[in-house]
Amino acid sequence: MTTILGNFNLDVPFLLHYLFNPPGIVWHGLWLTISISVIAQTIAVILGFVVALARMSKPALLRGWAALFIWSWRGTPLLVQLLLVYTGIAAAGIYRYPDITVGPFLLSGPMQAALFTLSFNEAAYMAEIFRAAIQSIDRGQYDAARAIGMRRSTAMRWIILPQALRIVIPPLGNDFTLMIKGTALLSIIGLRELFGTMENINAATFRTFELFFVAAVWYLILTSVMTLIQRRVEARLSRHELPAERRFREGLLSRSLLSGQR
Amino acid sequence: MAASDAGLVQVVDVHKSFGRLEVLRGVSMTVGRGEVVCLIGPSGSGKTTLVRCINHLERIDAGRILVAGESVGYRERNGRLVEESDAIIAARRQNIGMVFQRFNLFPHLTALENVSVGPLRVLRRGRGEVYVEAKELLSSVGLADKFDSYPAQLSGGQQQRVAIARALAMHPAVMLFDEPTSALDPETVGEVLDVMRKLAKGGMTMIVVTHEMGFAREVADRIIMMDEGIVVEEGGADEIFARPEMERTKAFLRAIL
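Residue numbers (this note's numbering), protein chains in the order written: chain A, 1 to 262; chain B, 263 to 519.
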């Protein structure tokens, strides 16, 4: 094909083949992308909650530690963190990333570094999301919980947290899509997740546009499915709200400072 | 214990400041078992702070508060008062019900769950018996058809009645009411006052901060008039309303009645 822009080098059958009937290694890469995202996000939610509690606690040392954690992980680029944690630490001889077996799974060195970096990075964001949500709960809820004899931990578990979770879901969903997209960076430390796999195939076939386009489509599918699941969860968690109230809240949240790019 | 002789609730020379503002400047009062006491006075006089101190939602700076003979929030150690642990304060509060001006129902729970959550999660009683009792309580405040409604689906008066049932579910020895009708639409004030009237007739010990002078006059065994952080005057409802002694009380009643 010749146009005024020059010669197109586009193999349409190749593109369609990889889009609709990709070979096994692409499926494997997709599986890695999903599992790394889910595991790292899960660790991040738990760790982030702990950091948020520490950040709001009384002891100055604990609060300071949490602030330092959030400040350092949020203040540096994910790509730099990834290379520092994997390549840097191995180069300095601090930890050489031997393979680890966890039950039936083998965790390779890059996988360990990836899970560590992604979950700790994300935990810093989750901590701030949890803190904002918990602090947004009306003081009267604490008063009422304490007035019926609840201890702090009981009030947190049954009164504050269920309400905070409703507030956390939209930014959490938002962060999870960032997590899915962030895993593409892992190709830099040699992990063959979705994008790493595409890069590998590219090295052999040089069908760069086709392969990267297919990768983009797959990421789009993943994040779209994620958004649908998030809507479901939100609808379930807000079933106690009136329709008008819900629309108002959603209007606010879509403009929330918590959403947006990293 | 000596609680029945000395009074179910004893407040002794309580001082409380928010920053530089001294809200309570040495308040003392005693409420006997089964007694209904109404706290009246202009806003800012310290009534709300006083009832919040009684179940230790606010710390006190000096003085002593005893409910059923037991100190609330503090314990004496080497002659000094030390704040109790979270667990002990929580246990004391189970004995003290509280109803708030703004209801403070738990919005993510139904009316039934609001009433049940205390017995379930604090007293750790079984779900079956807790629900049976919670339904009885809700029925007794006239909400037999609202078990599964969320607070957002209820009117202010209905919400406040759920809040009363929630407090009663813990079987408290005393009920504190902090301006329970001040946030209500005028047409729903009556239904909440009716429930409180019924409660008073049933022998519940009640401390009620209120601006409803008609209710105070009718239901209260005793009226306590507060102003600027001190008790100005106290006495039977008839005495205070018909023959107030203090100039401050007369001026307040003239303004409000």
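Note that the Cβ used here is the ideal one computed from N, Cα and C, for glycine as well.
Owing to the predicted nature of the structure, the values given are computational and were not obtained by experimental measurement.
According to DSSP, residues forming a beta bridge with B:Leu241
No information on residue 241 of chain B is available, as it lies outside the stretch 263 to 519 that chain B covers here.
Against A:Pro162, what residues of chain B qualify as contacts under a CB-to-CB distance less than 9 Å, listed in chain order?
Phe368, His370, Leu371
Using a Cβ-Cβ cutoff of 7 Å, what residues of the stretch 148–159 of chain A are near chain B? List them in chain order.
Ile148, Gly149, Met150, Arg151, Arg152, Thr154, Trp158, Ile159
Partner residues on chain A for B:Asp348, Cβ-Cβ distance less than 7 Å
Neighbours of B:Asp348 in chain A, taken as residues at a C-beta separation under 7 Å, are given in chain order as Arg151, Arg152.
A:Gly260 in three-state terms, based on DSSP:
Since pLDDT at A:Gly260 reaches only 43, below the 50 mark, its modelled position is unreliable, and the value read off the structure follows with that caveat. In this structure, A:Gly260 counts as coil in the three-state DSSP scheme.
What are the uninterrupted segments assigned as alpha helix (DSSP H) that are 4 or more residues long and contained completely in the stretch 65–146 of chain A, given in chain order?
Entirely contained in the stretch 65–146 of chain A, the alpha helix (DSSP H) runs reaching 4 residues are, in chain order, 78–83, 109–135.
In the DSSP output, which residue or residues are listed as bridge partners for B:Gln272?
B:Thr292, B:Leu328
Let's test the definition: count the other Cβ atoms within 10 Å of the Cβ of A:Tyr95 and tell me whether it reaches 16, buried, or not, exposed.
Result: exposed.
Given A:Thr117, which residues of its chain have a CB within under 6 Å of its CB, disregarding the five upstream and five downstream residues?
Gln81, Leu82, Val85
Given a cut-off of 8 Å, decide if B:Val313 and B:Val493 are closer than it, judged by their beta-carbon atoms.
No, the pair does not count as a contact, with Cβ atoms beyond the cut-off.
Using 10 angstroms around the beta-carbon of B:Ile502, count the other beta-carbons present and answer buried if the total reaches 16, otherwise exposed.
buried
A:Val38 classed as buried or exposed, judged by whether at least 16 other C-beta atoms fall within 10 angstroms
exposed
I'd like to know if B:Met432 contacts chain A, where contact means its C-beta is closer than 8 Å to some C-beta of that chain.
yes
Of all the residues that make up the stretch 407–431 of chain B, which are near chain A by a beta-carbon distance shorter than 9 Å?
For the stretch 407–431 of chain B, which is checked against every Cβ of chain A, the residues closer than 9 Å are Tyr412, Pro413, Ala414, Gln415, Ala425, Arg428, Ala429, Ala431.
Beta carbon of B:Gly404, beta carbon of B:Ala445: below 8 Å?
no
Please report the distance separating the alpha-carbon of B:Arg337 from that of A:Ile34.
Whole-angstrom Cα-Cα distance: 55 Å.
Should B:Leu461 be labelled buried (16 or more other beta-carbon atoms within 10 Å of its own) or exposed?
Burial call: buried.
Compute the distance between the beta-carbons of B:Val377 and B:Ala427, then report whether it is under 8 Å.
yes
Check the DSSP bridge columns for B:Ser333 and list the partner residues they point to.
B:Leu328
Between B:Leu319 and chain A, is there a C-beta pair that is closer than 8 Å?
yes
If you reduce the DSSP assignment to three classes, tell me which class B:Arg389 lands in.
Note: B:Arg389 maps to helix in three-state DSSP.
Limits of the beta strand (DSSP E) - the one that B:Leu343 falls within
342–345
A:Trp71 versus A:Gly64: straight-line alpha-carbon distance, rounded
10 Å
Touch check for the stretch 19–33 of chain A and the stretch 212–222 of chain A: three-plus C-beta pairs under 8 Å?
yes
Is the CB-CB distance between A:Arg152 and B:Asp348 below 8 Å?
yes
What residue range is occupied by the uninterrupted alpha helix (DSSP H) comprising B:Glu375?
373–383
Smallest Cα separation from A:Lys181: which of A:Glu210, A:Ala145, A:Thr223?
A:Thr223
As a quick exercise: from A:Arg139, A:Phe69, A:Ala40, A:Leu172, pick the residue whose alpha carbon is nearest that of A:Thr227.
A:Leu172
If you draw a straight line from the alpha carbon of B:Val392 to that of B:Lys463, how long is it in whole angstroms?
25 Å
Leaving out five residues on either side along the sequence, give the residues of the same chain with a beta carbon under 7 Å from the beta carbon of B:Glu488.
According to the sequence provided, residue 488 of chain B is Met. The question's Glu does not apply to it. Closer than 7 Å at the Cβ level, and outside the excluded window around B:Met488, lie Leu301, Gly303, Ser307, Gly308, Lys309, Val494.
Under 8 Å by beta carbon: chain B residues contacting A:Gln135:
Residues of chain B passing the Cβ test: none, with the nearest at roughly 17 Å.
Looking at the strands, I want to know which residues DSSP matches up with A:Met198.
The partner list for A:Met198 (beta bridge, DSSP) is empty, contrary to what the question assumes.
Among B:Gly288, B:Arg295, B:Val285, B:Gly269, which residue has its Cα nearest to the Cα of B:Thr467?
B:Arg295
What does DSSP give as the partner residue(s) for B:Glu490 in the beta ladder?
Paired residues: none, contrary to the question.
If you compare alpha carbons, which of B:Glu496, B:Ala482, B:Phe477 is closest to B:Leu519?
B:Phe477
Any beta-carbon of chain B closer than 8 Å to the one on A:Glu234?
No, because no Cβ of chain B sits closer than 8 Å to the Cβ of A:Glu234.
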